[in-house]
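Chains as they are written, first to last, in the working numbering: chain Z, 1 to 341; chain D, 1 to 341; chain E, 1 to 341; chain Y, 1 to 341.
Number of protein chains: 4
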Amino acid sequence: MIKVGVYGATGYTGIELVRILRGHPQAELAFLTTEPFEGQSFSDIFPGAAELQLCSTGQADAGAVDAIFTCVPHTIAMELIKRIYRPGLKVIDLSADFRFANPGQYKQWYGVEHLAPELLSKSVYGLPEFFREEITGYEIVANPGCYPTCALLALGPLAEEGLLQDSEVIIDAKTGVSGAGRKASLNTHYVEVNENLVPYKMGRTHSHVGEMELILSRLAGRELKVAFTPQLVPLSRGILSTIYVRTGQSAPRLWELYSRTYAEEPFVKVLEQGTPAQLAYVRYTNDCVIGVHDMGTDGLVMISAAVDNLVKGAAGQAVQNFNILFGLDETAGLRTASGRI
Amino acid sequence: MIKVGVYGATGYTGIELVRILRGHPQAELAFLTTEPFEGQSFSDIFPGAAELQLCSTGQADAGAVDAIFTCVPHTIAMELIKRIYRPGLKVIDLSADFRFANPGQYKQWYGVEHLAPELLSKSVYGLPEFFREEITGYEIVANPGCYPTCALLALGPLAEEGLLQDSEVIIDAKTGVSGAGRKASLNTHYVEVNENLVPYKMGRTHSHVGEMELILSRLAGRELKVAFTPQLVPLSRGILSTIYVRTGQSAPRLWELYSRTYAEEPFVKVLEQGTPAQLAYVRYTNDCVIGVHDMGTDGLVMISAAVDNLVKGAAGQAVQNFNILFGLDETAGLRTASGRI
Amino acid sequence: MIKVGVYGATGYTGIELVRILRGHPQAELAFLTTEPFEGQSFSDIFPGAAELQLCSTGQADAGAVDAIFTCVPHTIAMELIKRIYRPGLKVIDLSADFRFANPGQYKQWYGVEHLAPELLSKSVYGLPEFFREEITGYEIVANPGCYPTCALLALGPLAEEGLLQDSEVIIDAKTGVSGAGRKASLNTHYVEVNENLVPYKMGRTHSHVGEMELILSRLAGRELKVAFTPQLVPLSRGILSTIYVRTGQSAPRLWELYSRTYAEEPFVKVLEQGTPAQLAYVRYTNDCVIGVHDMGTDGLVMISAAVDNLVKGAAGQAVQNFNILFGLDETAGLRTASGRI
Amino acid sequence: MIKVGVYGATGYTGIELVRILRGHPQAELAFLTTEPFEGQSFSDIFPGAAELQLCSTGQADAGAVDAIFTCVPHTIAMELIKRIYRPGLKVIDLSADFRFANPGQYKQWYGVEHLAPELLSKSVYGLPEFFREEITGYEIVANPGCYPTCALLALGPLAEEGLLQDSEVIIDAKTGVSGAGRKASLNTHYVEVNENLVPYKMGRTHSHVGEMELILSRLAGRELKVAFTPQLVPLSRGILSTIYVRTGQSAPRLWELYSRTYAEEPFVKVLEQGTPAQLAYVRYTNDCVIGVHDMGTDGLVMISAAVDNLVKGAAGQAVQNFNILFGLDETAGLRTASGRI
């Protein structure tokens, strides 16, 4: 068994991660940290759940585990990882702190100095469908953000083939409220969310834009920009992106490209032509489903893509990266911990 | 008092219309028709509501009223209106049957022959913000569709100014489930809708595309096409459209255009720069709110617009048209019948 | 016009009150206070709303109005009212501070000393259906709590007739989240509420139990106790109570009693025998609907009752009390400011 | 591997069952039937799901499997089981058809004659927590209804100890909409359910009352009656019951009884004193959580209990019964197919 520790186990991502790891055949939970609920157990906070003890960050013994997952806010993650880093320890970081290889870009999008630039060379962007081989050679995996996971799986094949035009990518994304985290705020108050739809940080202002552009540009071999409209929608989990592109290729040709690209992928499913992605197809699973649609106007194609933001968009993909790092079956623990049929 | 009859009073649009008309200072309800609940009263169907008697279409005496509202399905509306038409009777038709002046276009988008082409010349498209003066001279007002109302208020100023490029208009629209009508279907089943997001009829396949293109082209003085992605979202009422355009003008310039265009409109509100439209701003009101957003990529601008699909998108706008037809204050009955502060 | 001031205008109750007062034919808003949004206007907070200026409590000139509504938390309400009280000023207090004539009982249920016991003799419990005549003679109306409004309208006729047995009243109540106020907390976080049902403060621990028992005992002329199970349900507004009683009378007999008691009431509707109360019947209205049901076991009867917690359970009833205080038609401003047909 | 067939695999219960069986270590799906989607595969109906072929009832080869699950409507189930019954075949019937040993009682509650009375002696009521030993000896397991599962786990310990008084049991139950099945109807329309709460079949009219009374009476050794108020609530899945009893015992004494009774049960969890059951504790799990609460009035105790209606209330419990019938670990396939931590 591989001993793992989870930092930040009582946020939505942490809870989901613990849920998945509990069903993983090769992972053994060594510690779970929390600040708000230190000293309690999971069953204190979620009555009926397992009696897993929760400790503070200080009490966790990172030296006794083979891998850690960090589900703490950005900046706190890099401080923590810097402190406990040792050669051989595998780190899957679910924050944004290691997603930019370049500390200047990190500062540009997150507004703070990177605190562990010396570790950036040991980190890799953990989108398995595009960087699977690279991931195995690194110690720190930067688990992708939820919006970028959905958008990059939808756009990656186009970027790789050189089909994306700069300034011609529009990502209209809708997310459930768990994406905003478990901290109380007026924005996440039930009455404010219910029967409402709320666009926010439109254009190129959301920090996930930086992450999407970075990876798309890497795949394309040249600079690409995207326009992004995130929207808060009255549901608990899930992201649906409707993405508009002009590629010079017809929808059926693009559909073939997607089908070919993802033919062997266990967690990406290209829907039949004409079938759009729905959240119901991915809820509680590690899947991403993708649809390709002719928009009927002068070469415009819409790509619809859906993920569960807490699974493929966070905890599930983290476990997928964990499996890759340890040479396990990439789907271990991810087939049955879900609502998938 | 003006005597009015409502055909189709027990669907979502009909119910909303009755609610508004009950609070209208100059309207008097003469009859309400229904097929499923004939012989019952409103208070039988909605216990606690007023005891308004419901009759069948056959029992309604259209000869005894000054105006009728038709909230019946398309094709049934034109059959009905053809049968009861008489000079002097004012008709506000909430179906699609009189939205196309050209019966060929009607057939193209609705797949059926128009049954009353001789009445088309007596009808006018009832979007008051753009056709207020025309409306007064007609007997039949084609009340706009819900999606078109939202999209046309958002795009009309650009079309009028000649700022829209063909094939450069993308309308990503999200609607609540009342837009699908009150008939039971698997698509509207609570469990299918809840925690789901469902795109449908993407591209140029939804019949509302025809209506939007027709009116935009009329305003622009030349042919325009739009790409449209309607999506079903887990909420009861409301439409939020995020619309992407390239106009050669900056967002602040466009914001000024919108502000100027709608400065005197009682029901269209241009939000401050940077503030996006939300459903909460329009729920239960006859308002449309509009935001203008720089997307940060090469001239792309996003227009966000929201309406309550049952009020401004249907029954409220119908009453606005009724007020225009009868020379009343255009806001009569529409200020307090709502959640507006 | 009657000049009114609203203290606490930006919580859910305050917003609803402003909405109703804006449509009231005889009320004129003189000031609206807020702490969090001082210096802004309603349209800053709720874009698209009216441009009503908001001021701090200190800036409000209570001397210049005929009536005030206090939508501030308990304890803050009595401090405020004590400070601005003057003979002739009409006060409708939506907090709990004047609901108990006896300061000892107030302390028992709210855990704090009453700060204005000298004003208690000037206050009256504002449930119009039972205390309409009394209300006219007082200067301070204690507007009932939301749960008590629903429960007392359902149980009042039984208490008056001496049909309630002590320890035989069980109130199982479900409320929407607006009842918990607009302050952010984990309990009201969308993800915690959605797809969940949460009982809380069961038994005789919720402070509304004190209020219900006080009024029921007054109506009955003897001490009565109730068992109460409040539950948080994933909806924005509304309370449904299912109330179990044994009265020695059959359901049809009780139905007659309710029908007789409420025959002339504009806002209480007794549903036909066998029809249970639903939130849909009262949403956005000042109505309470009541159903009476034989439970089939040895004399047990269930009373179902529903109100909109923000209207009849708060702001609407406050305006009803305002109307009574000023000798207006009791329904003024309450007929059309709603979703009622 | 044990070969199993599922009849009625495309309703909510069937889908959930297929999901669980797919993760079961000893079950192998041999066939799945459906009427509406015959000839298609799961991935046709639920894009992204496994490509499991669906056949009609007639095409299914019941002779080639070791066990069948019947998720078809009552009356259809008994017809089907009668037709395919053979000694040795294990049948887990999720309909109501074999829940009453006495065909007269079946007719009383379901209004139709039993079509296979000769098989009743081969059937057993499949509530493992109370009938585990008996179940192993039978060929047909009548899987309990969703409401009865929740109520019987909450009341069973009291019935066994002789603590229940007739006519003193009140079950106030709230259910998500999946409990109403996947057939479209106005009752399950999103707009009718959302922001609404709907009691129905109150008293002793719901057929689940018959089932609850039958089993409670069996456990108690004498006739017991219950009062029941089912309510439809805007959520997809889950049942919360708040149950009122007078037993002559204090809440702490009852809490000890529950703790003792369920100490070894893998799927029933007695919450700490004062903690009420919530749906969040059981969603997507096979658990039932139970809370015990002193109501503060003369011996009244409230038992709160929650289950996921599709898992412990249907498909999960069916697999639990399957495990018992085949002598497997009772929790096989039920630990990780869920959202449980």
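We treat Cβ as the ideally placed atom computed from N, Cα and C, and that holds for glycine.
Y/PRO117 and E/TYR147 have their C-alpha atoms spaced approximately 50 Å apart.
Interface criterion not met: the Cβ of D/TYR12 is under 8 Å from no Cβ in chain Z.
Uninterrupted alpha helix (DSSP H) stretches at least 4 residues long and entirely within the stretch 198–277 of chain D occur at 207–220, 251–261, given in chain order. Proximity of chain E to D/PRO47 at the Cβ level (cut-off 8 Å) is accounted for by LYS269, LEU271, GLU272, THR275, GLN278, TYR281, VAL289, in chain order. For the options D/ILE290, D/ASN321, D/ALA318, the alpha carbon positioned closest to that of D/VAL307 is the one of D/ILE290. Listed along chain E is no residue with a C-beta nearer than 7 Å to that of Z/TYR138; the closest approach is about 33 Å. With a threshold of 16 other beta carbon atoms within 10 Å, E/THR149 meets it and is buried. Closest by C-alpha distance to D/SER304, out of D/GLN26, D/ILE171, D/ARG83, is D/ILE171. Residues of chain D whose Cβ lies closer than 9 Å to the Cβ of Y/VAL198 do not exist, since the nearest Cβ in that chain is about 11 Å away. Listed along chain E are GLY176, LEU235, SER236, ARG237, GLY238, LEU279, ALA280, ARG283, each with a C-beta nearer than 9 Å to that of Y/GLU195. Cβ contact annotation for Y/LEU186 (same chain, cutoff 8 Å, sequence separation greater than five): GLU192, in chain order. Straight-line measurement puts the Cα of Z/LEU21 at about 50 Å from the Cα of E/GLY296. Within its own chain, the residues whose Cβ lies closer than 7 Å to the Cβ of Y/GLU213, once the five positions on either side in sequence are excluded, are LEU224, LYS225, VAL226, listed in chain order. D/ALA77: member of the alpha helix (DSSP H) spanning 76–84, first to last residue. For Y/ILE15, none of the residues of chain E pass the 8 Å Cβ criterion, the least Cβ distance being about 17 Å. Here Y/VAL112 is exposed, its C-beta having fewer than 16 other C-beta atoms within 10 Å. With contacts defined by Cβ atoms closer than 8 Å, D/LYS312 and D/LEU240 do not form a contacting pair.
Between Z/GLN317 and Z/GLY210, the C-beta gap is not smaller than 8 Å, which leaves the two residues out of contact. Classified as exposed, D/ASN102 has fewer than 16 neighbouring CB atoms from the shown chains inside 10 Å of its CB. For Z/GLU28, DSSP records a beta bridge to Z/LYS3. Distance from the CA of D/GLY176 to the CA of D/LEU300, rounded to the nearest whole angstrom, comes to 27 Å. Taken through DSSP and simplified to helix, strand or coil, Y/GLN317 comes out as helix.
Chain Z has a Cβ within less than 8 Å of the Cβ of D/ALA227. At least 8 Å separates the CB of Y/MET212 from every CB of chain E. At least one CB of chain E lies nearer than 8 Å to the CB of Z/SER185. Judged by DSSP secondary structure, Z/CYS55 falls outside any alpha helix (DSSP H); it is assigned neither H nor E. At a cut-off of 8 Å between beta-carbon atoms, D/HIS189 makes contact with chain Y. Collapsing the DSSP output to three states places Y/LYS90 in a strand. In this structure, Z/PHE131 lies near Z/VAL124, with their beta-carbon atoms less than 8 Å apart. For the pair E/VAL292 and E/LEU158, the CB atoms are not nearer than the 8 Å cut-off.
Boundaries of the beta strand (DSSP E) harbouring D/LYS174: 170–175, taken from the DSSP string. Contact note: D/ARG182 reaches chain Y through LEU186, HIS189, VAL191, GLU192, using a C-beta cutoff of 9 Å and chain order. Between E/TYR262 and chain Y, the shortest Cβ-Cβ separation is not below 8 Å.
In this chain, the beta strand (DSSP E) harbouring Z/GLY291 covers 288–294. In the three-state scheme derived from DSSP, where H, G and I count as helix and E and B as strand, E/TYR284 is classed as coil.
Comparing C-alpha distances from Y/LEU127 to each of Y/MET78, Y/GLU195, Y/THR275, Y/LEU155 shows the shortest one belongs to Y/LEU155.
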